[in-house]
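Here is the structure we will look at, set down as structure tokens.
Residue numbers (UniProt numbering), protein chains in the order written: chain V, 1 to 420; chain E, 1 to 420.
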């Protein structure tokens with residue numbers, strides 16, 4: 001079954017690679033329309049997923065993630081529409097020249113081919129990923145979490161109809177709708193047809209994909225983000241940035257997990273920071289030094305806990321923050337090196353030397369100075385949308401959008417050229 | 001042992017990432033010098049490899065590949081020197097801007113980190129790869145073929161001494177000198193420390209790496225290159241290009257393996273092509289149509305053979321060429337799609353429409369018009385050197401050199417920025 005899907009996807013990809021920007025934009029527009037038109041069957045499929053999810057005892061948080069309603073579906077359709085108007089990277093010539101021997105050379109962006117995306121119980125990912133891949137000229141094989149089997153199938157049916165409507169091959173978008181986990185393994189080794197695997201989920205999924213795949217995998221998405229605050233950082237910036245990075249949306253990968261504070265700034269800054277975070281009910285897991293300062297500054301309502309060793313390097317994805325006092329920049333860099341996940345880190349400082357060292361030496365996808373880490377996001381950084389956040393170093397790093405869904409080819413034009 | 005090597009490599013990579021261009025250039029210069037200074041011990045180690053190789057009954061071709069002498073060692077040192085003067089990609093800012101909210105963003109090239117290179121019995125690869133990786137600011141772990149165990153160890157010893165001489169960490173260059181094959185498997189799964197694997201060898205090695213590695217692998221190097229000749233191609237270009245592509249160096253991956261000729265051009269061109277290739281003793285493995293034309297044109301000294309099915313898609317790496325008559329461009333594209341390895345293909349034609357379709361639709365790393373395929377090479381295409389030729393679509397495609405040995409990071413500067 002996978003073999004046949006792969007063949008169909010590759011054939012569809014070849015056709016897609018020959019389309020114009022206008023054709024692919026029309027396809028994405030049609031996808032948005034079909035999502036609205038097909039509202040009833042999508043919502044009724046989702047209602048079935050929700051019913052089964054409740055019976056299976058899924059948590060309220062997971063059920064909420066599963067849920068589609070008219071408003072959410074319209075938001076998904078609007079996100080798809082946004083993709084249609086983004087600039088098209090396909091065909092862009094990004095280097096060109098003439099060699100001394102007269103050969104004319106260009107490097108031109110071309111579609112990747114076939115992308116495999118493995119995701120969890122988020123129905124919206126189905127449409128987001130489909131729109132980005134089709135826009136970038138690639139076919140996509142989707143495998144969603146078993147909790148959204150019916151919703152994903154209904155969404156894909158609508159999206160495939162849109163492709164047919166504009167005379168593009170429906171097989172450019174295929175869904176593995178059988179929940180058998182062996183099929184994930186099969187997709188990960190379908191290297192004759194699939195050019196790239198994008199896992200969208202937790203660290204377990206990423207590790208499984210890395211270990212199993214014979215196809216390049218984009219790993220990422222796990223964010224243990226750090227902030228380092230030194231004694232030159234102004235209080236009126238520190239408090240809003242740390243609160244924003246921790247509190248605004250604690251469940252996402254670019255939220256803050258660990259605060260490192262320079263010893264000489266701790267006595268001044270920590271009490272104010274503690275008070276501000278306390279207002280948002282943030283639990284602070286503190287090393288002995290910061291715990292002593294915060295215990296003295298706070299009251300019994302503050303959520304103060306002595307940090308355990310594994311609190312550093314942990315992705316809490318909740319209103320919990322690990323806190324540690326460090327000697328200075330060097331110790332902060334060492335800590336980040338040891339515990340970070342190469343995602344996003346920020347320095348709050350007015351010392352230009354410290355800022356430049358931090359930006360140079362922290363080996364993360366996105367490094368910030370005097371900013372919240374919450375901007376590590378394709379839309380926030382000006383890409384318009386994102387298909388994943390890569391924390392590996394090959395191909396693309398940080399937010400990945402349309403351009404990162406392309407490859408390139410060398411085009412060489414001669415006039416009878418032979419090599420000496 | 002590998003764990004410790006990985007740790008040391010990562011530490012060395014972190015130090016390398018903080019060096020200046022001048023420091024890394026000095027290191028590469030010193031590497032070239034030490035190769036010359038250490039001539040005696042390198043050549044005597046190589047003599048031992050050669051003796052064991054002869055005892056083991058290696059073929060003369062393989063023994064020649066193994067052999068180092070003063071002249072070859074000087075050539076290797078010169079190649080290393082060439083790397084020192086190439087432009088440094090590290091630190092290059094290739095995109096920058098200010099977002100509407102005032103965040104200042106740049107994307108800056110940074111070293112990859114640690115590269116693992118697995119190669120076969122070519123001593124020169126040891127020095128080439130070391131020079132490119134160090135220049136690009138990355139540490140490298142080498143694993144050479146067992147036939148060059150002693151040569152590689154002697155080369156690495158000299159190269160490490162060069163690093164120490166310029167106060168860079170010798171562990172930026174390490175060699176797995178134990179021939180146990182389990183260590184290759186170990187290197188391929190050393191994902192805590194190694195950022196990229198480059199196999200340099202045959203298709204078996206590439207497949208093994210893809211299947212075993214939990215680290216991104218650059219696959220490539222296998223070249224079943226095609227030329228398509230249509231009826232508009234001028235004879236005075238066709239003959240030299242086809243002869244050059246097949247004959248100049250048949251053992252390399254960018255040499256021609258299959259000639260596809262448009263039916264309406266076959267009767268005119270094939271006899272002349274056959275005669276020219278015959279002068280170079282090229283064996284032609286022909287489909288029935290081309291065989292009939294060539295048999296009629298040639299004489300008993302021509303090496304004409306009826307093609308077997310597996311002659312198409314085969315990398316002969318020898319003076320053998322598969323020949324097929326096709327209806328026209330569409331059939332040529334189908335043939336390449338079915339049998340090609342996405343490496344290098346060329347069209348010989350004066351028809352602009354056919355040329356553009358070929359360049360657009362052939363999904364290979366390098367596509368040519370009216371040129372030999374032999375230019376798919378880092379030096380030939382203006383990169384100055386190459387570490388590999390990628391035929392996959394992620395990260396880099398075609399010749400890979402210094403820039404393709406880098407990653408990038410996002411640098412974001414704010415002034416108290418928080419996300420709404």
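In this text, a Cβ means the ideal position worked out from N, Cα and C, and glycines have one as well.
Q: Verify the CB distance criterion: does residue 272 of chain V have a CB-CB separation below 7 Å to chain E?
A: One-based indexing of the first chain puts residue 272 of chain V at position 272. Not one chain E Cβ lies under 7 Å of residue 272 of chain V.
(Q) Taking only three categories from DSSP, how would you classify residue 1 of chain E? (A) Along the second chain, one-based indexing puts residue 1 of chain E at 1. Residue 1 of chain E falls in the coil class under three-state DSSP.
Q. The beta strand (DSSP E) spanning residue 415 of chain V covers which residue range?
A. Here residue 415 of chain V refers to the residue found at position 415 when the first chain is read from its first residue. Segment 406 to 417, the beta strand (DSSP E) holding residue 415 of chain V.
Q. Is the CB of residue 369 of chain E under 7 Å away from at least one CB in chain V?
A. Residue 369 of chain E sits at position 369 when you count from the first residue of the second chain. True, the Cβ-Cβ gap to chain V drops below 7 Å.
(Q) Please report whether the beta-carbon of residue 102 of chain V lies at a distance below 7 Å from any beta-carbon of chain E. (A) For the purposes of this step, residue 102 of chain V is taken as residue 102 along the first chain, with counting starting at 1. It does not: the Cβ of residue 102 of chain V has no partner Cβ on chain E nearer than 7 Å.
**Q.** beta strand (DSSP E) segments (min. 3 residues) lying fully within the stretch 155 to 240 of chain V
**A.** 173 to 175, 196 to 200, 225 to 229
Q. Taking residue 163 of chain V as the reference, which of V/317, V/316, V/25, V/385 has the closest Cα?
A. Counting from 1 along the first chain, the entry for residue 163 of chain V is found at position 163. Comparing Cα positions, the closest option is V/25.
Q.
Measuring CB atoms only, is the stretch 48 to 60 of chain V touching the stretch 167 to 185 of chain V, in the sense that at least three cross pairs come out at less than 8 Å?
A. no
Q | Supposed close pair residue 172 of chain E, residue 396 of chain E - CB separation, criterion 8 Å | A | Against the second chain, residue 172 of chain E aligns to sequence position 172. Against the second chain, residue 396 of chain E aligns to sequence position 396. Rounded, the Cβ-Cβ distance is 22 Å, inconsistent with contact.
(Q) Rounded to whole angstroms, what is the Cα-Cα separation between residue 291 of chain V and residue 305 of chain V? (A) On the first chain, residue 291 of chain V is found 291 positions in, with the first residue counted as 1. On the first chain, residue 305 of chain V is found 305 positions in, with the first residue counted as 1. Answer to the nearest angstrom: the Cα atoms are 8 Å apart.
Q.
Assuming residue 124 of chain E is part of the alpha helix (DSSP H), what are its boundary residues?
A. As a first step, residue 124 of chain E is located in the second chain; it is residue number 124 there, counting from the start. Residues 123 to 135.
Q. Taking the alpha-carbon positions, what's the residue 437 of chain V to residue 124 of chain E distance?
A. The displayed coordinates of chain V run from 1 to 420. Any statement about residue 437 of chain V would go beyond what the structure contains.
Q.
Would residue 381 of chain V and residue 401 of chain V qualify as a contact pair, given that the criterion is a beta-carbon distance under 7 Å?
A. Within the first chain, the letter at position 381 stands for residue 381 of chain V. Within the first chain, the letter at position 401 stands for residue 401 of chain V. Taking the C-beta atoms as reference points, residue 401 of chain V is found no nearer than 7 Å to residue 381 of chain V.
Q. Given a limit of 7 Å on CB to CB distance, which residues of the stretch 397 to 415 of chain E reach chain V?
A. Residues 397, 398, 407, 408, 409, 410, 411, 412, 413, 414, 415.
Q.
Less than 8 Å between C-beta atoms, sequence neighbours within five positions excluded: which residues of the same chain meet that for residue 101 of chain E?
A. As a position in the second chain, residue 101 of chain E is number 101, starting the count at 1. Counting only Cβ-Cβ distances below 8 Å, and skipping sequence neighbours, we find 417.
Q. Starting from residue 369 of chain V and walking both ways along the beta strand (DSSP E), at which residues does that stretch end?
A. Residue numbering aside, residue 369 of chain V sits at position 369 when the first chain is read from its first letter. Start and end: 366 to 371.
**Q.** Nearest-angstrom beta carbon gap, residue 348 of chain V and residue 241 of chain V [assumed within contact, 8 Å]
**A.** Numbered from 1 along the first chain, position 241 holds the residue referred to as residue 241 of chain V. Numbered from 1 along the first chain, position 348 holds the residue referred to as residue 348 of chain V. That pair is a contact at about 6 Å.
Q: Following the continuous beta strand (DSSP E) through residue 346 of chain V, name the residue where it begins and the one where it ends.
A: As a first step, residue 346 of chain V must be located in the first chain, where it is residue number 346. Note, residue 346 of chain V: beta strand (DSSP E), 344 to 348.
Q) Roughly how many angstroms separate the alpha carbons of residue 362 of chain E and residue 336 of chain E, rounded to a whole number? A) The residue you call residue 362 of chain E lines up with position 362 of the second chain. The residue you call residue 336 of chain E lines up with position 336 of the second chain. If I take the Cα positions, the gap works out to 7 Å.
Q | Enclosing beta strand (DSSP E) for residue 94 of chain E [first to last residue] | A | Position 94 of the second chain, counted from the first residue, corresponds to residue 94 of chain E. Note, residue 94 of chain E: beta strand (DSSP E), 93 to 98.
Q. Are residue 367 of chain E and residue 260 of chain E close, meaning C-beta to C-beta below 7 Å?
A. Reading the second chain from its first residue, position 367 is the one you call residue 367 of chain E. Reading the second chain from its first residue, position 260 is the one you call residue 260 of chain E. No, they are not a contact pair.
**Q.** Ordered list of beta strand (DSSP E) runs contained in the stretch 285 to 324 of chain V, each at least 3 residues
**A.** With a minimum length of 3 residues, the unbroken runs of beta strand (DSSP E) contained wholly in the stretch 285 to 324 of chain V fall at 304 to 306.
Q.
Quick check: the Cα distance between residue 428 of chain E and residue 186 of chain E, rounded to an integer number of angstroms?
A. The requested residue 428 of chain E is not part of the displayed model; chain E covers only 1 to 420.
Q) Can you find a CB in chain E that lies within less than 7 Å of the CB of residue 244 of chain V? A) Residue 244 of chain V sits at position 244 when you count from the first residue of the first chain. By this cut-off, residue 244 of chain V is an interface position.
Q. Between residue 391 of chain E and chain V, is there a C-beta pair that is closer than 7 Å?
A. Translated into positions along the second chain, residue 391 of chain E becomes position 391. No, residue 391 of chain E lies away from the interface with chain V (no Cβ there is under 7 Å from its Cβ).
Q) Applying a beta-carbon distance threshold of less than 8 Å, which residues of chain V neighbour residue 18 of chain E? A) On the second chain, residue 18 of chain E is found 18 positions in, with the first residue counted as 1. Ordered by position in chain V, the residues that pass the 8 Å Cβ test against residue 18 of chain E are 360, 361.
Q | Boundaries of the beta strand (DSSP E) in which residue 41 of chain E is found, first to last residue | A | As a working note, residue 41 of chain E is residue 41 in the second chain. Annotation for residue 41 of chain E: no beta strand (DSSP E) segment contains it, though the alpha helix (DSSP H) segment containing it runs 39 to 55.
**Q.** residue 99 of chain E: contacting residues in chain V (beta-carbon distance under 9 Å)
**A.** Mapped onto the second chain, residue 99 of chain E falls at position 99. The answer, in chain order, is 375, 380, 381, 382.
Q: Identify each residue in the stretch 237 to 266 of chain E for which the Cβ-Cβ distance to at least one residue of chain V is less than 7 Å, and report them in chain order.
A: From the stretch 237 to 266 of chain E, only 237, 240, 241, 244, 248 have a Cβ closer than 7 Å to chain V.
Q.
Pull the bridge partners of residue 326 of chain V from the DSSP assignment, please.
A. To locate residue 326 of chain V, count along the first chain from 1; it is residue 326. Under DSSP, residue 326 of chain V shares a beta bridge with V/262.
Q) Is it true that the CB of residue 190 of chain V sits closer than 7 Å to the CB of residue 340 of chain V? A) Position 340 of the first chain, counting from 1, holds the residue named residue 340 of chain V. Position 190 of the first chain, counting from 1, holds the residue named residue 190 of chain V. No, they are not a contact pair.
Q: Determine contact between the stretch 313 to 326 of chain V and the stretch 259 to 276 of chain V, defined as no fewer than three beta-carbon pairs at a distance below 8 Å.
A: yes
Q) In terms of DSSP beta bridges, what is residue 106 of chain E paired with? A) Indexing the second chain from 1 puts residue 106 of chain E at position 106. DSSP output for residue 106 of chain E lists E/96, E/411 as bridge partner(s).
**Q.** Which residues DSSP lists as bridging residue 256 of chain V, in chain order
**A.** Taking the first chain and counting its residues from 1, one reaches residue 256 of chain V at position 256. Residue 256 of chain V is bridged to V/225.
Q.
Can you tell me whether residue 120 of chain E is helix, strand or coil according to DSSP?
A. Translated into positions along the second chain, residue 120 of chain E becomes position 120. Looking at residue 120 of chain E - three-state DSSP - the assignment turns out to be coil, as it is neither helix nor strand.
Q) Expressed to the nearest angstrom, what Euclidean distance is found between the alpha-carbon atoms of residue 406 of chain V and residue 90 of chain V? A) Position 406 of the first chain, counted from the first residue, corresponds to residue 406 of chain V. Position 90 of the first chain, counted from the first residue, corresponds to residue 90 of chain V. Answer to the nearest angstrom: the Cα atoms are 7 Å apart.
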